[in-house]
Every structure is written in structure tokens, then in C-alpha cells.
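Here's the structure, in C-alpha cells; my notes come after.
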Amino acid sequence: MRWIKRPRIAFFSLTSCEGCQLMVLNCEEELRELSTRVDVVNFREATDLKRDDYQVAFIEGSVTREEEAEKLKEIRQRAETIITLGACSTTGGINALKNRFSPEYVTECVYGRNPPNRLLVENIPAMPVEEVIEVDYRIPGCPVSKEEFLGFVKALVLGIPPGLPEYPVCNECKMEGNICVFEKGVACMGPVTRGGCRAVCVSFGSICWGCRGLLDDANTDAHRETLGNHGLGDDEITKRFDLYSSFYIHRKGRCTKTTT
Amino acid sequence: MAGYFVDRRGFRSFVKGLVERYLLYGTTLQEGFPVFKKIETPEELVLSSTPTHLSPKEFLFPPEELLLRFSLEDGRGEPVVDAPEQVLMGLHPCDIHAIGLLDRVFSHGTGDVNYIERRRRTILIGTECLPDEYCFCHSMGTMDAEEGFDLFFHELKRGYLVRVGTERGRRLLERYSKPARADRTHLEEMRTHREKKLESFVRSIYARREELPLVYAGSYEHPVWERIGSRCYGCGSCNHVCPTCYCFDIRDDVTLDLKEAHRYRVWDGCTLEDFAKVAGGHNFRRHRSERLRHRFNRKFRYLADRFDGLFCVGCGRCSRTCLVGINITDVTNELIRDARS
């Protein structure tokens, strides 16, 4: 990563709810200071500027259309640094759940048998950005956390390569002082999910759904057994793993890689 | 033993006094589970509980603690020591022993200013406890605490028998309650409680404590490490709930204006993947089995050599928190069995 004192940055959105871009805009306290550290030259949700001279591109959303793959290749040519923003672009996210079905079937489910314009609804199996182009850094999460996004920006302007935690959610969950949800008889994906979120969902009374994706070193066999011991059937266990990580779990199955 | 008796009314006035004067953390129930929490009224306190899921070490050694503020412009820094006057109430004997061990660690060598200052301003009040299905303090010599506390409360039918550990504790008791001298019936009741407690343990270590460092020294290549390593998540939960695990990482954060930086210490754990990772991505303990072996050896061998005392106090929290059922007594007993055969 080349250090650029005041980088020109852009935000792009592929197939997603655009919630991760909203999280960026949610940095209300920090936006003013942020705008003195970086130049935002392309960000549909925030500015009319549509410049192509960006050095760092944040990309949100998964690739589910051929046009998106083409767009990514263009971005890769222009940007020095590509950072995925959120679960969809990092791991394929929940969009990849559709890959279990044929594109024709999912199109019909959403748009009916006779969509008004076939060209607009044509789609391919969902995949993370790194299946199409090389990615430099990844910010996982559904949505991303403000703190983590700002941490990446600070790393950029300081010229320090940003990194992700290699520990599961449980690590921070204990530090937050939470009673383990398994103690309450509820199952959770924390033990195999990449930490860095301060276990925000458990801290606020929910469970970990695994939105930050599986750890590289996740002990998935042990977790299948744990979930089974806590009353989940095989189908339910598969669903828990699939919710955010189905692309990598099933990649050998249906997903075909678009060439870079 | 010099003991006092405090009736229920005296107890309430004692706790009220503490709440008015200090930050009070005590044992209570949250969703039915024993925890340490900030206490506002005497009624919230639940003494005589099974071990809290997290240990009280967080009040002396917080999960995340600011140590230093420094300027990125001129490099000038200012150390931060945040040490509130606080009372920890409801410490079980094992927790009191654990704090004694942390004291040894953090005062070793030059000493850790932040810990020492917090510790100095913290009043420790113990209470008698109930073992859960993971406890084995009776095997570790930590079932009773004779020192290391300011006051120690034994709940009786009509009140509390209070043992005094320090002059500071005595003054506190006398200021906020009207203690009477404990009589023989009170002491008798306390002993009966102790006997019942001793009978209720379901777990034990089947060797004398003195033997454990040697048992572990001879078990470095034992197959148990590979077996439990294949189940382990490497999640660090056992480290964090442990009252004597004290490892930490140092992290720096900068403000967005890049003018000021903050240096934190954050709990770390030897079972986490990047704990022993060094420059270049090399990892001295890449496999979970190696990391678990390291943790167990720290508790029963390495630190015993260094600080003269086993670093397991038998609270069983690590066994309870482990989702894949790695149980510290089972592992240790397996090693003992094979060391003897």
C-alpha cells in the first residue's frame, strides 16, 4: 500500500441494501474531520461528484449481474487500493443464498413469469468482489461498524496496512461482560465468526448470526457438534452456517467464477 | 479467631453506607446467572452464590484500559491512571486467592502502576459461596481464605458472621453497622456450613497439589493435547473468564485529526490464534493443541515455577464456559492417571 497523505476516495455500490454506505454517512460526528483527511470524489449517496480519478475505492454489494463484473474491472484499473465494504462484497453475504436455486427460478420468484424488461432482471449467481478482481483489504459486517470503517480510514492516511482480527466474536463478547447465550439455551455463531464487532448483537440481547464471515481458522466441525448438542437439527445447522457464509461453503457447487 | 456478628438490619445499613461512600460492585443475579454488577441498594446483593461467570479481575485489570495519551505533533505524553475508590463485595475464597496471585504478578519487578493503584484503592469483601458442578477449589487449597481480604461475611440464619482481615475493614464495619462479638453458636453455624459445602463438590483433582507441576512436565507429548485441540475453538473464553489469566496486548489508536494518540491495554489470551504470532506471520503456537497445552502448563507449571504458587484456583469457570466441554479437572486427572501408570 502506497502512502497517500490525502487520498481521493470513491464509494461504489453493487447488489446490496446500501446499508453499509449509510453506516459511513452515520459517522456524523466524524464526517467533517473525515472530509479534511480525504477527498471524496464519487459517492452516490452523499455527493453529485462522479469523478474517476480516485485512488482508493470502497465497494459495497455482491456481484450478481455481468454488468457489475465489468464495472469492477474498470474500478480495479483506476484504483490503487480496493477495499470491500460489508458482508455482500466481502463474502457474498446473504445474496449468495440465492445460489442454491437456478437464476431462472429466483428471477421468477422476484419478478414473476413475465417481467416487463428481461434485460433489467437478468442475473448470475451472487459472488464476492474478490471472485472478479483482486481485493486489497476487506471490511466485513452486515452492516460494517462505524469504528472499523474509521479505523481503516485512519490506517490509510497514516500509511499503515489495515488488518482484521483473527479471533472469534466470543473473545470480545466476554470482554463486554455478556452472559454466554449458550448458557441461556440459545445457539449462536460467535465461536466461528470473525470478531471485531465488540459482540454488538449479543450485547444488545440478540445472538451472533455470523455476519462477519467465518474465521480463516474456524473450527466448523466442532461448531456443528456444539449446535447439534444445543438442539439444532442438521438443516437448521446448515442454515446458520449458510446465512452469511454460503458462498464459501458451497463454492465448489454452483458458483462459477467470472474471469478477472 | 476474632469474629463479629452483624444482624440483617446491621447488614443493610453497612451496605447502604458503602453505597453512599464508594463505588460498590457486588454479586447479584442477571437473568438468573450470578454476576458482579454495580450495586445501588442492599436488596440487589445476592451473597452465597455459585461462581460468577466472569471473574472479578475486570475491576482490577479492566478488559480495555487507557494507559497513555500522547501528542502526535510533539511526542509529549501523559500517563493515565484511572483508579476509583471501589469496594468488591461477594468475592469467593477462590477469587480472593486469585487476586493474591495477580498482586504477585503485577508487583513483580518494577510493578504495574495502573494495577497497583487500582488495587490500593479497592476494598475486598469476601463471602461464603456454593460450589457448582465445575468447582474443585477443595483440591487446590483455595476453599477457605484466611487472608487477602478486608472483611469476610458468612451468611447465617439470622445475620452474618464477619471475619476481619485488615484494620481498614474493621473501621469500615464499625462505622456502618453495629457489630456484636460473634459467639460460639455463630461459629458453630459457620462450621456446619463449611462441612456442607465440602460435601457438595462433585469434582476433584486426584493428586496432591505439589505433584501437579511434575505431572504436567511429564505430559508434554501426551495425546490429550491433540484430542482437545481438535475440539477447541481458540476463542479465548477460558482465558477471559479465568481469574488469574493476566495477559494483555497493547494497542494504539489515533484521533481522526491525527493530532493525538491513545495507548490501550486490552485483554489477550494464549488460546487465540495470533497470540504467539510475530513479525513475518510466523506463529510459535500455530495449532490449537499447542495453545491449549500452553495454557494448562501456565496454570499448573510455568507460573508455579516463576511465582511460587499454582495459578489455578479451582473455580471451574474455564470448564463452564467451554462450549466443547474441555474440562480442566478431566484433563488434569487424565494426565495424573497416565503419569502414574
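If you read the sequences in order, they're chains A and B. If you read the first sequence in our numbering, its first letter stands for residue 1, the second for the next number, and so on. If you read the second sequence in our numbering, its first letter stands for residue 1001, the second for the next number, and so on. Each residue gets a CB set at the ideal place from its N, CA and C atoms; glycine is no exception.
What residues of chain A sit near residue i, judged by a beta carbon separation below 7 Å?
i, result
"B:Asp1063", "As written in the sequence, residue 1063 of chain B is Pro, which differs from the Asp given in the question. Within chain A, the residues near B:Pro1063 are Met175."
"B:Tyr1148", "Before going further, note that residue 1148 of chain B is Gly rather than Tyr in the sequence given. The contacting residues do not exist; B:Gly1148 stays about 24 Å from chain A at best."
Against residue i, what residues of chain B qualify as contacts under a CB-to-CB distance less than 8 Å, listed in chain order?
i, result
"A:Thr226", "Leu1323, Val1324"
"A:Leu158", "Val1254, Leu1258"
Quick check on residue i - is its C-beta less than 8 Å from some C-beta in chain B?
i, result
"A:Pro140", "no"
"A:Cys208", "no"
"A:Lys71", "no"
"A:Tyr167", "yes"
"A:Lys154", "yes"
"A:Cys180", "yes"
"A:Asn171", "yes"
"A:Glu60", "no"
"A:Glu28", "no"
So, are the CB atoms of residue i and residue j less than 8 Å apart?
i, j, result
"B:Val1035", "B:His1053", "yes"
"A:Phe247", "A:Gly92", "yes"
"A:Gly151", "A:Pro168", "no"
"B:Tyr1206", "B:Asn1333", "yes"
"B:Pro1051", "B:Cys1135", "yes"
"B:Arg1382", "B:Arg1285", "Because chain B in this structure spans residues 1001 to 1341, residue 1382 of chain B falls outside the shown range and cannot be described."
"B:Thr1127", "B:Cys1094", "no"
"A:Arg65", "A:Glu131", "no"
"A:Ala126", "A:Ala96", "yes"
"A:Asn171", "A:Ser203", "no"
"A:Thr220", "B:Leu1323", "no"
"A:Leu72", "A:Val129", "yes"
"B:Val1331", "B:Cys1137", "no"
"A:Ile139", "A:Gly86", "yes"
"A:Asn99", "A:His250", "yes"
Can you name the residues of chain B whose CB is closer than 9 Å to the CB of residue i?
i, result
"A:Lys184", "Glu1031, Gly1032, Phe1033"
"A:Leu34", "Leu1256"
"A:Cys197", "Ordered by position in chain B, no residue passes the 9 Å Cβ test against A:Cys197, which lies about 14 Å from the chain."
"A:Arg37", "Leu1256, Asp1257, Leu1258"
Note down, in chain order, every chain B residue with its Cβ under 7 Å from the Cβ of residue i.
i, result
"A:Asp217", "Gly1234, Glu1273"
"A:Pro191", "Tyr1233, Cys1235, Leu1323"
"A:Ala126", "Result: empty, since nearest Cβ-Cβ is about 28 Å, beyond 7 Å."
"A:Ala222", "Arg1231, Tyr1233, Val1324"
Step through the CB atoms of chain A and report whether any lies within less than 8 Å of the CB of residue i.
i, result
"B:His1053", "yes"
"B:Trp1225", "no"
"B:Ser1289", "no"
"B:Arg1265", "no"
"B:Val1313", "no"
Under the assumption that residue i contacts residue j (Cβ atoms under 8 Å), give the Cβ distance between them as a whole number of angstroms.
i, j, result
"B:Ser1200", "B:Pro1243", "Incorrect: roughly 21 Å between the Cβ atoms, too far for contact."
"B:Arg1288", "B:Cys1232", "4 Å"
"B:Ile1116", "B:Gly1148", "Going by Cβ atoms, the distance from B:Ile1116 to B:Gly1148 rounds to 16 Å, so no, they are not a contact pair."
"B:Val1162", "B:Gly1017", "At roughly 14 Å, the Cβ-Cβ gap does not stay under 8 Å, so B:Val1162 and B:Gly1017 are not in contact."
"A:Ile94", "A:Leu215", "Not confirmed; about 19 Å, so no contact."
"A:Leu157", "A:Arg32", "Inspection of the sequence shows that residue 157 of chain A is occupied by Val rather than by Leu. With a Cβ gap of about 15 Å, A:Val157 and A:Arg32 do not count as contacting."
"B:Glu1273", "B:Gly1325", "About 21 Å; that fails the 8 Å criterion."
"A:Leu34", "B:Leu1256", "6 Å"
"B:Met1140", "B:Arg1209", "6 Å"
Determine the chain A residues that contact residue i at a beta-carbon separation under 9 Å, and present them in chain order.
i, result
"B:Val1241", "Lys174"
Buried or exposed: residue i, going by 16 or more other Cβ atoms within 10 Å of its Cβ?
i, result
"A:Leu119", "exposed"
"B:Ile1250", "exposed"
"B:Arg1120", "exposed"
"A:Tyr105", "exposed"
"B:Leu949", "Residue numbering for chain B in the displayed model covers 1001 to 1341; residue 949 of chain B lies beyond these limits and cannot be assessed."
"B:Ala1180", "exposed"
"B:Ser1071", "exposed"
"B:Asp1183", "exposed"
"A:Thr260", "Since pLDDT at A:Thr260 reaches only 30, below the 50 mark, its modelled position is unreliable, and no value is offered."
"A:Tyr54", "buried"
Taking only beta-carbon positions, decide if residue i is within less than 8 Å of chain C.
i, result
"A:Leu150", "Looking at the structure shown, chain C is missing, and the protein chains on hand are A and B."
Can you tell me whether residue i sits near the ligand FMN, meaning its C-beta is under 7 Å from at least one heavy atom of the ligand?
i, result
"A:Arg44", "Absence of the ligand FMN is noted for the structure shown, with no ligands found whatsoever."
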